[in-house]
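All remarks here apply to the structure that follows.
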Amino acid sequence: MATTGQGEGVNAAVPDAATQIEIYRRMSLIMQNDEASRKVVRSGRLMMPYYSPRGQEVIPSAVSVNLTNEDQICTIYRGIHDMLAKGVPLKDLWAEVAGRVTGTCKGKGGPMHITHPASGAILTTGIVGSSMPIANGLAWAHKLDGTRRVVIAYFGDGASNIGAFHESLNLASLWKLPVVFVCQNNRFGEHTRYENATSVDQISKRAVGYNMPGVTVDGNDPFAMYAAANEAINRARDGDGPTLIEAMTFRFFGHVFGDDDFYMTKEEKADAIAKDPVPAFRARLIADGVATEAQLADLEADLAKQIEEAIQYALASDLPSADELTRDVFAAETEAA
Amino acid sequence: MATTGQGEGVNAAVPDAATQIEIYRRMSLIMQNDEASRKVVRSGRLMMPYYSPRGQEVIPSAVSVNLTNEDQICTIYRGIHDMLAKGVPLKDLWAEVAGRVTGTCKGKGGPMHITHPASGAILTTGIVGSSMPIANGLAWAHKLDGTRRVVIAYFGDGASNIGAFHESLNLASLWKLPVVFVCQNNRFGEHTRYENATSVDQISKRAVGYNMPGVTVDGNDPFAMYAAANEAINRARDGDGPTLIEAMTFRFFGHVFGDDDFYMTKEEKADAIAKDPVPAFRARLIADGVATEAQLADLEADLAKQIEEAIQYALASDLPSADELTRDVFAAETEAA
Amino acid sequence: MPKINIIQAINEAIAESMEADPKVIVLGEDVADREGGGVVGITRGLSARFGDARVRSTPIAEQAIMGAAIGAAINGYKPVAEIMLMNFTTVAMDMIVNHAAKLRFMSGGQTTVPIVIRMMTGAGIAAAAQHSDFLEAWFAHTAGIKVVAPSNAADAKGLMLSCIADPDPCMFIECSRAYGNACEVPADQGPIPLGKARIAQEGRDVTIISYSEIFMRAEAAAKELEADGVSVELIDLRTISPWDRETVIASVRKTGRAVIAHEAVRQFGVGAEIAATLQEELFGELKAPVKRLGAPYTSVPFSPGLEQLFIVSVKDIADAARATLGANTPAALAVS
Amino acid sequence: MPKINIIQAINEAIAESMEADPKVIVLGEDVADREGGGVVGITRGLSARFGDARVRSTPIAEQAIMGAAIGAAINGYKPVAEIMLMNFTTVAMDMIVNHAAKLRFMSGGQTTVPIVIRMMTGAGIAAAAQHSDFLEAWFAHTAGIKVVAPSNAADAKGLMLSCIADPDPCMFIECSRAYGNACEVPADQGPIPLGKARIAQEGRDVTIISYSEIFMRAEAAAKELEADGVSVELIDLRTISPWDRETVIASVRKTGRAVIAHEAVRQFGVGAEIAATLQEELFGELKAPVKRLGAPYTSVPFSPGLEQLFIVSVKDIADAARATLGANTPAALAVS
Ligand SMILES: Cc1ncc(C[n+]2csc(CCOP(=O)(O)OP(=O)(O)O)c2C)c(N)n1
Ligand SMILES: Cc1ncc(C[n+]2csc(CCOP(=O)(O)OP(=O)(O)O)c2C)c(N)n1
Ligand SMILES: [Mg+2]
Ligand SMILES: [Mg+2]
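What follows is the structure, given as structure tokens:
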């Protein structure tokens, strides 16, 4: 049952024009938000570990256009793109990143623990591998509820070598859970090159061990990514169980802000950046007549404005008061020993 | 590179006559020791959780004849057969099982934690999956030492679903460690049927995910088991890395002594017992003219005597003195806070 | 009223909770009837009664079990998850500690994890070093998760009802040696509040504080001491985190003497927190140093004799209580 | 003598140990030079100097890392294994607790596990709830594993030398906030014995006991108190398990007052064990209740202001010390 292919078969779903523009809008949002984030961190206005998703814009954008607010995602520290693509409001997000009480989590979770249930963004975790077991549980609930809701578990290539990956894929397949495992393979885990950590050349091959469909797709190609996600999400919705998608991509700014990329060659980095998916898709939309330059420029300008407003909103917001330190430990505040 | 076959190809190694008899000797030892153990536990003379290996005699016997005392094994609570096949002396073993100070571990480890380095029996663990990561470490040491020593990691089918399995196979393949992963697939983990816990029909297929050879063999067939083990052990010795062997078998007496087997059908149990590998191999040895009935009867009688002596030795041995309770926590006894 | 033991009590509590709330679900290794309803039968009959969808046996994969429980809880279910033995929490600590315990806080109260983690443990059944540990101190030291350890059937039922109803994660520790402890449990036994200790017996001279099966030993020690004329106040802590500071402090304020006994290793154990609190709250009021009893700093040995020495005994408890009395012999106490 | 910081000190200790003993090996995520020699550079230069075989970067798989370390140790190596952050021990607890800590005991002394587990941790760098925990109390409560937490470079070097040489498993806790703490470390700095505290400063009125970066805060608090005329005896515990009972008890016997401060949550923390011990050993000799300081019962928050409130402050420590003095103001002490 497991297959490893390029995700663009004859029956591949193709996004319509409006969906293509929507994918691009989300990509542009992620890219511009990343630029703003790096600027703010560089300026020292905010202190946080910043894991740039720059270069990986396509993946969650093309996945999320197949989802509704009822569908859910679990992501990781490098997950701000996944959150934005899923629709977490910019203001709430920025306020959280700035540690403000107006943030999604009242400033207590921070960038590594963004949660916004209203948009289906349920979990951001800092522990490698841990998005997957919890995604299973969310999906189990949907199955018990008898709904057609699905869950996406995002994780990195490095995470595919940790025990939680294995336990999760086995259980999801066994219980036919409506979950899609999306591995964002950016070819590095921190400073370790894929092939120095992973014994198999394609992570999607591991799907064989769980009797689960597995596919490797070009995660920088919105059409391939859309098709693979669409197929997997439909399979999950229809009760036919999970899929493992390995989306090939690259992170332009290393592991964490400040990383100097010494562990990769200048050439491979330059090569990857030359394939920057955001301008490439932009050009294609225009070339294909799906959108005009002016239309996209407007869309981008609008996003820029929203981001700027969000930053201002965040910075103008209050910090949480001291009593928040011990609030939300339990439902009842009195019980802590 | 991964293959899933029946382990008896054209180039399969065949045990010579002496080796066949040695395999049978070990099988008989395990079977007779198991009978004695169940008798002792049933009589109440010893109190311990007893995990009978009856039915699984072939696997470690056919594996271990390919090993020397310099080679090492890690096994699990259901591992007395692995220990005996590797050459742990009966007296030391019985004394341990009886909690005596003359036991392999001074009575402090007990049946679930037999260790006897002189025979290469390094670890018996009670935590599902944990034999594998430690086997890797033992093997890493051999590789660093530049020797040709190999390590066998035994584990059950149920253990193939836990995280440690995944992490271990990935690392072993990546580092080309001289370790052989031998899964004793007896089709149940406690009371859970294989297919209710495991998403893939053959565990050996998981080898694909680690770019490692994987093979499913009839673990009740001494020739198939010998050939598969021989090939894998040679591969490991030659520095060509690990192998996953899935050896199909059956446990005749359920998970733990006292288990009433309600979770399996009478038929499947009867079927499995009808294929009892010990009398079958005995008959074959005689039919093939490899051994005579009298020769095997002598061998068996000798083993029976040794087992009886070991039991007497164990029961006549002293219990550990009270000071053993806090000894061996650290090398220096004074340091405990 | 017929007596029931702890196994039956927990089974009843789960069954009643499932009956009352369709969101209560059960998962773990071998928990469904097809697999026997649990190693000792705690969940027996539940899948037959409530269906296979709500009572699911799992692979041997504790991270997957806990993840499934946590995710389902976030989405509105109330999973009762079994980790067969407490030592196996070691393969699922990330899920328990970094996720279940912290998600309410990290999400600013948006996601909550109302799960119960049931575990069996305890020395004395020849299960040796990897299957016998009491690890409650680890979880008590972890903010955001409650820790409960009943000693008798009525408490087991009432506490399990509360744990399942609780909006936050609870660890429910079952001692294998206590399972058979039967008592009369009213058919309408309701929830017993978490965080409230039980004064099992009032007394004047010394307070003995304990929980789980060791509490049964404390009871026996109290009997022995009473025979000697020592009046013992006996507290079953029931909930270890958050523990009932008020009840314990009030008791020791009255008696002036305290002994704390548990099965876990004494060093850095639960007894330390209680003793440290008492010396702070009752400085100058204590008539003797607070005594802590626990296992020696070692692993659980297999050999049966050694194993018995590992576990705090009735005599250890009685002796410790006597030591707190010092020169204040029963005779002296009688006149004081 | 040039000053070096904790990063350099640990690097030197490992390098010297590798130089002296070919059995010393290093493993962990990104530890080799190709991957940068560790997140903060602790193992930088080691693979270049001692070869890729002895210094290996691993996949992100902490059970595999610990298993590799344990197995290699059983076969005669002395692995120094990095678990990048202390919270990630939660995915390797089985290996650490059920195996590394217990194998010597379970095997009756036949197999031993001389490994060092290095971990970074600590709040204050905006890493939030899953990357900042001090979990030393868990391991101190586990028989068979030593726990060390240096506060300065000289101690870091000497303790690391001892941990590597030690025949048993050691957890070596590095606080990210303390890495920069530089001091003069003699080129021939030798091993500092495990289990021995350091009296950093002698004093008469109150003993302050701490370790890791909080010790630096204790030092600052001591300065403040001295300025007020309070004479502080300052103890850096250095080894948390087994801790130096003799030194601590002797000091508090002299001063009659004690404050214990650590970063971990106060409840069921290391401070509890020390306070419980002191009240038992020094009953009637204490002039005030032993004070324990630690984090409040909560998770490490992200928001920087809250995060600072999470960590015990210099003022907290000074205030606690003053509280133990009660009516015994510095003036009163001066005449007593
Ligand atoms: C269990 C665990 N081990 C180690 C880490 C430290 N760490 C954080 S991110 C990371 C790399 C993960 O790589 P990958 O899964 O490929 O994701 P990417 O960062 O490339 O998106 C590591 C090792 C962690 N967070 N959790
Ligand atoms: C981590 C962990 N979880 C659960 C258990 C309880 N347990 C002991 S044996 C066993 C079944 C293992 O099945 P399998 O791996 O097939 O080995 P078998 O007993 O069949 O030889 C289970 C669940 C355990 N020992 N360790
Ligand atoms: Mg990556
Ligand atoms: Mg099995």
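Protein chains in written order, with this note's numbering: chain H, 10 to 346; chain A, 10 to 346; chain P, 10 to 345; chain E, 10 to 345. Each residue gets a CB set at the ideal place from its N, CA and C atoms; glycine is no exception.
Length of the line joining the Cα atoms of residue i and residue j
{"i": "Met36/A", "j": "Glu309/A", "result": "10 Å"}
{"i": "Gly117/E", "j": "Gly117/P", "result": "49 Å"}
{"i": "Asn190/E", "j": "Ile15/P", "result": "54 Å"}
{"i": "Gly50/E", "j": "Ala41/E", "result": "10 Å"}
{"i": "Ala230/E", "j": "Ile69/P", "result": "51 Å"}
{"i": "Glu176/H", "j": "Gly47/E", "result": "28 Å"}
{"i": "His90/A", "j": "Gln65/A", "result": "8 Å"}
{"i": "Ala57/P", "j": "Glu91/P", "result": "18 Å"}
{"i": "Arg196/H", "j": "Gly263/H", "result": "11 Å"}
{"i": "Ala345/A", "j": "Ala285/P", "result": "Because Ala345/A sits at a pLDDT of 46, beneath the cut-off of 50, its placement in the model cannot be relied upon, and the following sentence gives the value as read from the coordinates. One C-alpha to the other measures close to 21 Å."}
{"i": "Glu294/P", "j": "Glu38/P", "result": "50 Å"}
Cross-chain neighbours of residue i in chain P, by beta carbon under 9 Å
{"i": "Thr124/H", "result": "Leu112, Met115, Ser116, Gly117, Gln119, Thr120"}
Where residue i sits in the DSSP three-state scheme
{"i": "Gln211/H", "result": "coil"}
{"i": "Ile16/E", "result": "helix"}
{"i": "Val189/H", "result": "strand"}
{"i": "Gln65/A", "result": "coil"}
{"i": "Leu334/P", "result": "helix"}
{"i": "Gln317/P", "result": "helix"}
{"i": "Lys152/A", "result": "helix"}
{"i": "Asn194/H", "result": "strand"}
{"i": "Tyr219/A", "result": "helix"}
{"i": "Met180/E", "result": "strand"}
{"i": "Gly280/P", "result": "helix"}
Contact set between residue i and chain A, taken where Cβ atoms lie within less than 7 Å
{"i": "Glu176/H", "result": "Asn170, Ile171, Gly172"}
{"i": "Asp39/P", "result": "Glu199, His200, Thr201"}
Residue i beta carbon near ligand 1 (any heavy atom closer than 6 Å)
{"i": "Ala101/E", "result": "no"}
{"i": "Val137/H", "result": "yes"}
Partner residues on chain H for residue i, Cβ-Cβ distance less than 8 Å
{"i": "Tyr220/P", "result": "Going along chain H, no residue has its Cβ under 8 Å from Tyr220/P, so there is no contact; the nearest lies around 14 Å."}
Member of the options whose CA lies at the smallest distance from the CA of residue i
{"i": "Ala187/P", "options": "Pro88/P, Phe224/P, Pro11/P", "result": "Phe224/P"}
{"i": "Pro187/A", "options": "His200/A, Thr335/A, Leu76/A, Asp280/A", "result": "Leu76/A"}
{"i": "Asp268/H", "options": "Ser52/H, Tyr59/H, Ala45/H, Val287/H", "result": "Tyr59/H"}
{"i": "Pro178/P", "options": "Pro159/P, Pro11/P, Gly153/P", "result": "Gly153/P"}
{"i": "Leu253/A", "options": "Ile30/A, Pro222/A, Ala26/A", "result": "Pro222/A"}
{"i": "Leu243/P", "options": "Asp164/P, Ala165/P, Thr216/P", "result": "Thr216/P"}
{"i": "Ile173/E", "options": "Pro31/E, Ile13/E, Asp103/E, Ser141/E", "result": "Pro31/E"}
Closer than 9 Å at the beta carbon, the chain E residues around residue i
{"i": "Leu328/H", "result": "Ser312, Pro313, Gly314, Leu315"}
{"i": "Gln271/H", "result": "A quick correction: the sequence has Phe, not Gln, at residue 271/H. Result: Gly45."}
Proximal residues of chain E, C-beta to C-beta of residue i below 7 Å
{"i": "Asn179/H", "result": "Within chain E, no residue comes near Asn179/H; the closest Cβ sits about 16 Å away, beyond 7 Å."}
{"i": "Leu93/A", "result": "Those do not exist, as Leu93/A stays about 18 Å from chain E at its closest Cβ, beyond 7 Å."}
Where residue i meets chain A, residues with beta-carbon distance less than 8 Å
{"i": "Lys214/H", "result": "Val217, Gly218"}
Closer than 6 Å: residue i CB and nearest ligand 4 heavy atom
{"i": "Asp166/A", "result": "yes"}
Contact list for residue i against chain H, beta-carbon separation under 7 Å
{"i": "His140/E", "result": "Gly135"}
{"i": "Gly60/P", "result": "In chain order: nothing, as chain H lies at least about 10 Å away."}
Residue i CB to nearest heavy atom of ligand 2 below 6 Å
{"i": "Gly198/A", "result": "yes"}
{"i": "Asn195/A", "result": "yes"}
{"i": "Glu38/P", "result": "yes"}
{"i": "Ile282/H", "result": "no"}
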